[in-house]
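Residue numbers for the sequence shown follow the UniProt record's numbering, so the first one is 28 and each next one is one higher.
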Amino acid sequence: TQALLQRIRAHEHLGAFVALDEQASLAQAHAADARRARGDDAPLLGVPIAHKDVLVTRGWPTTAGSRMLAGYRSPFDATVVARLGQGDDQHAGAGAVTLGKLNCDEFAMGSGNEHSAWGPARNPWDTSRVPGGSSGGSAAAVAARLVPAATGTDTGGSIRQPAAFCGITGIKPTYGRCSRYGLVAYASSLDQAGPMARSARDCALLLSAMVGPDPDRDATSLDLPPEDYTRGLDDPLPGARAARPLQGLRIGLPREFFGAGCAPDVQAAVRAALAEFERLGATLVEVSLPRTELAIPAYYIIAPAEASSNLSRYDGVRYGHRAAQYEDLLDMYRRSRSEGFGPEVQRRILIGTYVLSHGYYDAYYLKAQQIRRLIAQDFVAAFEHCDLLAGPVAPSVAWPIGAQDDDPVAAYLADIYTLPASLAGLPGMSVPAGVGDSGLPVGLQLIGPYLGEARLLHAAHQFQ
Ligand code: GLN
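Structure below.
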């Protein structure tokens, strides 16, 4: 813990951390030592990790990258934070030590960590470039070896895409596998937490501690017991020989993920990774996800709609920023929200309010929900021919900071390969697949069927 805190201080220029409390981290580390001395063998005892700043943490500030929540301190831990760390009255803790809070796009809205009120996080491979987003601080911190692992959240790609841009491994589990209690809400029907780390094995270790039901606190958390995802990682698939451990695994390549929109160097790196999967015994089959393109308009209606509703709680009354001067109640709301929310968040609230308004609901929101169902059906059809899907995480490598300032839609379009699994609630993973022409990391995306986390992590581990 001490060594990493020092390393974090030496890498402040990456903008990865937005809150540190060295005394608190060291106190947790000492407490972990004492527990170990008593023979406690909790799975992550004493392992230092850090949390994306949209997960609330007792003892550390939580701002969700927003001025709106400047100075906010939660009196409780998010369930995934408690389960990884010190536990709470409902969950045992795996014993990890909290090193601090990690930068992210404001309320997790973004793809480059450029929309944080606390400034951008930077890609350690090239600090003039974005680390991806919205979990950019998490990806940058793991890639720069400031932490061995971190939490992220993924609504439409925010674990997978920054993991790809920074050359690390990340997994978004099936919707509902991790409790959303204490995850500052963006789009509740899509939000899901997951681990970001150096390897599939480390992700498996963290994910095993994160998953599990939370019936009293998140009604959408799945009623399934935790699972040990590290079990069997090193074993070949049933019936396969050690030399070809993935013999029998059918990997589907969605035609729509390999089209002209994907940069040639990204395609080449992904193809090379797939060739390695073939050497490991897997078979590649072509499949189709015909509604892939529709995922963008559907997501960018559903997510802002839910956000506009979720963010109505920031009214300057109960918590969050309140304008210093105002004339009446409405003026206080208006000024507090105009000052507290950044431009991208305001844009999403406007879009969301518009598509939900009377007279437009049927034309936009209802249609988007119908498309969402069709996209889920596309996956069901594709999984009749394969066990996993594979393709790129993003159509390009990390872009220069500021390159998309004048064109918010360009960033939305770049989410094309991550949005479909999000809309379908399926688990998705980003695995490092070498570098593109510029020497920047490329990520291979693996998508699993419902609750296919173990299958994803096993394949990724065998590949690594
Ligand atoms: N880039 C997408 C968005 O801005 C996804 C973000 C996320 O997964 N939190 O909404």
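No residue lacks a Cβ here, since even glycine has one placed at the ideal position from N, Cα and C.
Please read these numbers as outputs of a predicted model, since none were measured by experiment.
Whole alpha helix (DSSP H) runs in the region 316-351 with 4 or more residues, listed along the chain?
-> Secondary structure in the region 316-351: the alpha helix (DSSP H) runs of 4 residues or longer, each lying completely within the stretch, are 322-337 in chain order.
Report yes if the C-beta distance between P447 and V293 is below 8 angstroms; otherwise report no.
-> On the sequence shown, position 420 is the one that residue 447 refers to. On the sequence shown, position 266 is the one that residue 293 refers to. Against a cut-off of 8 angstroms, the Cβ pair of V293 and P447 comes out as no contact.
Roughly how many angstroms lie between the CA atoms of D67 and K394, to the nearest whole one?
-> In the sequence shown, residue 67 corresponds to position 40, counting from 1. In the sequence shown, residue 394 corresponds to position 367, counting from 1. For D67 and K394, the distance between alpha carbons rounds to 53 angstroms.
T380 lies in the beta strand (DSSP E); which residues open and close that run?
-> Position 353 of the sequence shown holds residue 380. From DSSP, T380 is part of no beta strand (DSSP E) but of the alpha helix (DSSP H) over P370 to L383.
Best match in L416, G184 and D132 for proximity to R282 [C-alpha to C-alpha] = Translated into positions along the sequence shown, residue 282 becomes position 255. Cα-wise, what sits closest to R282 is L416.
Should A302 be counted as a contact of ligand 1 given a C-beta to heavy atom distance under 7 angstroms?
-> As a position in the sequence shown, residue 302 is number 275, starting the count at 1. Remark: the shortest separation between the CB of A302 and any heavy atom of ligand 1 does not fall under 7 angstroms.
Output the distance between the C-alpha atoms of A231 and G466, rounded to the nearest integer angstrom.
-> Here residue 231 corresponds to residue number 204 of the sequence shown, with the count starting at 1. Here residue 466 corresponds to residue number 439 of the sequence shown, with the count starting at 1. The alpha-carbon atoms of A231 and G466 are separated by roughly 28 angstroms.
Taking all protein chains shown into account, decide if V372 is buried (16 or more other Cβ within 10 angstroms of its Cβ) or exposed.
-> What you label residue 372 is simply residue 345 of the sequence shown in a count that begins at 1. Classification of V372: buried, given that the 10 Å Cβ count is 16 or more.
In the region 146-188, which residue ranges form an unbroken beta strand (DSSP E) of at least 3 residues, counting only runs that do not cross its ends?
-> With a minimum length of 3 residues, the unbroken runs of beta strand (DSSP E) contained wholly in the region 146-188 fall at 176-180.
Chain-order list of residues whose beta-carbon lies under 6 angstroms from that of P263 (same chain, five-residue window excluded) | One-based indexing of the sequence shown puts residue 263 at position 236. Within the same chain, P263 has close Cβ partners A269 and P272.
Counting pairs of beta carbons, one from the region 150-166 and one from the region 107-114, are three or more of them closer than 8 angstroms?
-> Judged by Cβ distances under 8 angstroms, the region 150-166 makes no contact with the region 107-114, as fewer than three pairs qualify.
Is S449 helix, strand or coil by DSSP?
-> As a first step, residue 449 must be located in the sequence shown, where it is residue number 422. Note: S449 maps to helix in three-state DSSP.
Closest residue to G452 among L401, P317, A441 and D464 (Cα-Cα distance) | Along the sequence shown, one-based indexing puts residue 452 at 425. Sorting L401, P317, A441 and D464 by C-alpha distance to the C-alpha of G452 places L401 at the top.
DSSP three-state call for A61: helix, strand or coil?
-> What you label residue 61 is simply residue 34 of the sequence shown in a count that begins at 1. Here A61 sits in helix by DSSP.
Measuring CA to CA, which of K79, L126 and A171 is closest to H38?
-> For the purposes of this step, residue 38 is taken as residue 11 along the sequence shown, with counting starting at 1. Of the candidates K79, L126 and A171, A171 places its Cα closest to the Cα of H38.
Just the Cα atoms here: how many angstroms apart are V482 and F284?
-> Counted from its first residue, the sequence shown places residue 482 at position 455. Counted from its first residue, the sequence shown places residue 284 at position 257. Note on identity: in this sequence residue 482 is Arg, with Val being the wrong assignment. Straight-line Cα distance between these residues: approximately 21 angstroms.
Nearest CA to the CA of G455: which residue from E411, P151, G183 and N140?
-> Working through the sequence shown from its first residue, we reach residue 455 at position 428. Taking only the C-alpha atoms, the option nearest G455 is G183.
Check each candidate in I474, G463, D80 and T28 and name the one with the smallest Cα separation from S457.
-> Locating residue 457 in the sequence shown gives position 430, counting from the first residue. Of the listed residues, the one whose Cα sits closest to S457 is I474.
From the DSSP output, which residues share a beta bridge with A220?
-> Along the sequence shown, one-based indexing puts residue 220 at 193. BP columns for A220 point to T180.
Note down, in chain order, each residue of its chain lying with its Cβ closer than 6 angstroms to the Cβ of S363, except the 5 sequence neighbours on either side.
-> Taking the sequence shown and counting its residues from 1, the one referred to as residue 363 is at position 336. Once the five neighbours on either side are set aside, the close Cβ partners of S363 are G343, H348, R349 and A350.
Which residue from S101, K79 and L173 puts its Cα closest to that of R36?
-> One-based indexing of the sequence shown puts residue 36 at position 9. For R36, the nearest C-alpha among the options comes from L173.
Anticipated Cβ contact below 8 angstroms, F134 with Y213, distance rounded = As a first step, residue 134 is located in the sequence shown; it is residue number 107 there, counting from the start. As a first step, residue 213 is located in the sequence shown; it is residue number 186 there, counting from the start. Between F134 and Y213, the beta carbon gap of about 5 angstroms places them in contact (Cβ cut-off 8 angstroms).
For the putative contact between G461 and A296, defined by C-beta atoms under 8 angstroms, what is the C-beta separation to the nearest angstrom?
-> Walking along the sequence shown from the start, residue 461 turns up at place 434. Walking along the sequence shown from the start, residue 296 turns up at place 269. About 5 angstroms; that satisfies the 8 angstroms criterion.
Euclidean distance between Cα positions of S248 and A220 = Locating residue 248 in the sequence shown gives position 221, where the first residue counts as 1. Locating residue 220 in the sequence shown gives position 193, where the first residue counts as 1. In a straight line, the C-alpha of S248 is about 12 angstroms away from that of A220.
V107 to T125 span [Cα, whole Å] = Sequence index remark: in the sequence shown, residue 107 carries index 80 (1-based). Sequence index remark: in the sequence shown, residue 125 carries index 98 (1-based). Using only the alpha carbons, I get a separation of about 12 angstroms.
Taking C-alpha atoms, which residue in V45, L307, C413 and Q33 lies nearest to G92?
-> The residue given as residue 92 occupies position 65 in the sequence shown. Comparing Cα-Cα distances from G92 to each of V45, L307, C413 and Q33, the minimum goes to V45.
Reduced DSSP category for C230 - H, G, I as helix; E, B as strand; rest coil = The count along the sequence shown starts at 1 and reaches residue 230 at position 203. The answer is helix: DSSP assigns C230 an H, G or I state.
At a cut-off of 7 angstroms, is Y202 close to ligand 1 when judged by its beta-carbon and the heavy atoms of the ligand?
-> Here residue 202 corresponds to residue number 175 of the sequence shown, with the count starting at 1. Not under cutoff, so the answer is no.
Who pairs with H78 in a beta bridge, going by DSSP?
-> The residue labelled residue 78 in the question sits at position 51 within the sequence shown. For H78, the pairing in a beta bridge is given by DSSP as K128.
Have a look at C289 and A58 and give me their C-alpha separation to the nearest angstrom.
-> Here residue 289 corresponds to residue number 262 of the sequence shown, with the count starting at 1. Here residue 58 corresponds to residue number 31 of the sequence shown, with the count starting at 1. If you take the alpha carbons of C289 and A58, they lie about 49 angstroms apart.
Consider the C-beta atom of Y213 and the heavy atoms of ligand 1; say whether any pair is separated by less than 7 angstroms.
-> For the purposes of this step, residue 213 is identified with residue 186 of the sequence shown, where counting begins at 1. The answer is yes for Y213.
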